[in-house]
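Novice:
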Amino acid sequence: MTKTRNLTLGLAGVALLAAACSARSGTSNASGGAAVAATANGANSTNSGNGPNGGLAKVLFLGDSIAVQESLPLAAAFKASHVQFQSIAADGGGNVLGPASDNNWQTLPGQIASAKPSVLVYQIASYDWGSQQDQQAAYQKLLATATANGAKLLFVTMPPIKADDFYQPHMADLARTKAAAQAVAAGARNQAAVLDAAAVWGPSYQQDRDGKPDRSSDGVHTCPQSAARFTNWLLDQLHGQFAGFNPAPAQAWANAGWSASPDFHGC
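Counting in UniProt numbering, the sequence shown runs from 1 upward without gaps.
1. What residue does the beta strand (DSSP E) around S87 start on, and which one ends it?
2. Beta-carbon within less than 7 Å of A176's beta-carbon, same chain only, minus the 5 sequence neighbours each way: which residues are those?
3. Over the uninterrupted alpha helix (DSSP H) stretch that includes V200, give me the two end residues.
4. Hey, would you say P160 sits closer than 8 Å to Y205, going by beta carbons?
5. With DSSP run on the structure shown, which of helix, strand or coil describes K79?
6. Out of K116, G98, F264, Q225, point me to the one whose CA is closest to A250's CA.
7. Where does A19 land, buried or exposed, given buried means 16+ other C-beta within 10 angstroms?
8. Return the chain-ordered list of same chain residues with a C-beta closer than 6 Å to the C-beta of L142, the five sequence neighbours on each side being excluded.
9. Are the Cβ atoms of Q191 and T157 separated by less than 8 Å?
10. Once DSSP output is grouped into helix, strand and coil, what is the label at F250?
11. Could you tell me whether the segment 101 to 113 touches the segment 63 to 81, using the rule of 3 or more Cβ pairs below 8 Å?
12. Among A181, D165, L234, G130, which has the Cα closest to the Cα of G219?
13. Check the C-beta distance from K152 over to V119 and give it rounded, since I have them as a contact under 8 Å.
14. Reducing DSSP to helix, strand and coil, say where T222 ends up.
15. If you draw a straight line from the alpha carbon of residue 293 to that of G266, how long is it in whole angstroms?
16. Identify, in the order they occur along the chain, each residue of the same chain with its Cβ nearer than 8 Å to the Cβ of D64, setting aside the five sequence neighbours on each side.
17. Would you grab the beta carbon distance between P73 and W233 for me? Rounded to a whole angstrom, and I think it's under 8 Å.
18. Ordered along the chain, which non-local residues of its own chain (more than five positions away) have a Cβ less than 6 Å from that of D196?
19. Report the CB separation of Q69 from A227 in whole angstroms; it is logged as a contact under 8 Å.
20. Quick check: the Cα distance between N47 and G150, rounded to an integer number of angstroms?
21. Would you report the Cα separation of R209 and Q140, rounded to the nearest angstrom?
22. Return the first residue and the last residue of the alpha helix (DSSP H) that Y139 is part of.
23. Using the C-alpha atoms, what's the distance from G211 back to A113?
24. Counting only the same chain and skipping the five closest in sequence on each side, list residues whose C-beta sits under 6 Å from that of A248.
25. At what residues does the alpha helix (DSSP H) containing Q106 begin and finish?
26. Helix or strand or just coil, what does DSSP make of F61?
27. CB-CB under 8 Å to A138, same chain, minus the five flanking residues each way: which ones, in chain order?
28. Since S83 and V59 should fall inside the 8 Å C-beta cutoff, what is the C-beta to C-beta distance between them, to a whole number of angstroms?
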């Protein structure tokens, strides 16, 4: 039943995203986590602006379980767009500070080095707990690791969540993550940027949108519809960062089967 329902939502997402793509004129449109990879023929890992897709040769995606869900349509979309993609997002982790981050840092530099990305996209994790000083130090460390491996770092703000007893003591910390990332990016010249995903999620957690499940009933995770909307948004953002990158149209990836994944729950 769940599989059929999610596939139905994926079909609805095609129409929604096709409408969104029509506004994009001029484009053609883990630590402990399961890796998702999509490799395009002829792509390589050079960060040269003269390389494939204007330098967007490979995207490495990092984050927590929210990012695990987002990685599913992203893998399909980047494959359709002829860009290599790898996710090292992790359930219960994927963070660069806060719980278990010391363990994450034992493997993260090696994962980034072996992936050889041209861009590292960090979906700010819901476990990035700490003071703004702690956050900036961790984000600066991530930036240094990315740039040492020839990658540009793009921070993506996390979606709003509905605080439960687990998250309530840390909501003030999470509210600071955007400012911490912006402070790091401001001193990084062209090596880092912060992408504000507020346009995707809205100002607060919203379980249903357009009459369909959009966010999980657990108050944190995504549903296929919102994961697809995030993917479409991120493709547009990357097109803005890499003028030679022309994302595939939503019809090429929105109903590629990823919406049936058991990683989506509470939808």
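Every residue, glycine too, gets a C-beta built ideally from N, C-alpha and C.
This structure is a prediction, so every number in the text was calculated from the model and none was measured.
Specialist: With the structure as the only source:
1. Here the beta strand (DSSP E) through S87 covers 84 to 87.
2. The identity of residue 176 in the sequence shown is Arg, whereas the question assumes Ala. Within the same chain, R176 has close Cβ partners Q132, Q135.
3. From DSSP, the alpha helix (DSSP H) with V200 extends over 198 to 201.
4. By the CB criterion at 8 Å, P160 and Y205 fall inside the cutoff.
5. K79: helix per DSSP, three-state reduction.
6. A250 has its Cα closest to that of Q225, out of K116, G98, F264, Q225.
7. Note that A19 scores a pLDDT of 38, beneath 50, so its modelled location is shaky and nothing firm can be said.
8. For L142, where only same-chain residues beyond five positions count, the Cβ hits under 6 Å are V96.
9. The Cβ-Cβ distance between Q191 and T157 does not fall below 8 Å.
10. Here residue 250 turns out to be Ala, not Phe, going by the sequence shown. Looking at A250 - three-state DSSP - the assignment turns out to be helix.
11. With the cut-off at 8 Å, the segment 101 to 113 and the segment 63 to 81 do not touch.
12. When only C-alpha atoms are compared, the closest one is D165.
13. Yes, K152 and V119 are in contact; Cβ-Cβ is about 5 Å, under 8 Å.
14. Reduced to three states, the DSSP call for T222 is strand.
15. Missing from the structure shown is residue 293; the chain here goes from 1 to 267 and no further.
16. Apart from sequence neighbours up to five positions away, the residues of its chain that approach D64 with a beta-carbon distance below 8 Å are A89, A90, D91, G92, G93, G94, N95, Q123, A125, S126, Y127, ordered along the chain.
17. The Cβ separation is near 11 Å, so there is no contact.
18. Around D196: T157.
19. Right, their Cβ atoms sit about 5 Å apart.
20. Interpretation of N47 is limited by its pLDDT of 37, a score under 50 that renders its predicted location unreliable; the figure taken from the coordinates is listed afterwards. Per the coordinates, the alpha-carbon of N47 lies some 7 Å from the alpha-carbon of G150.
21. The straight-line gap from Cα to Cα measures roughly 36 Å.
22. Bounds of the alpha helix (DSSP H) holding Y139 are 132 to 148.
23. Cα to Cα, A113 sits roughly 43 Å from G211.
24. Here the set comprises A80, S81.
25. From DSSP, the alpha helix (DSSP H) with Q106 extends over 101 to 115.
26. The three-state reading of DSSP puts F61 in strand, counting E and B together.
27. Non-local beta-carbon contacts of A138 in its own chain, meaning distances under 8 Å to residues more than five positions away in sequence, involve V96, L97, S101, D128, G130 in chain order.
28. Per the sequence presented here, residue 83 reads as Val, with Ser not at that position. A Cβ-Cβ distance of about 6 Å is found for the pair V83 and V59, placing them in contact under the 8 Å criterion.
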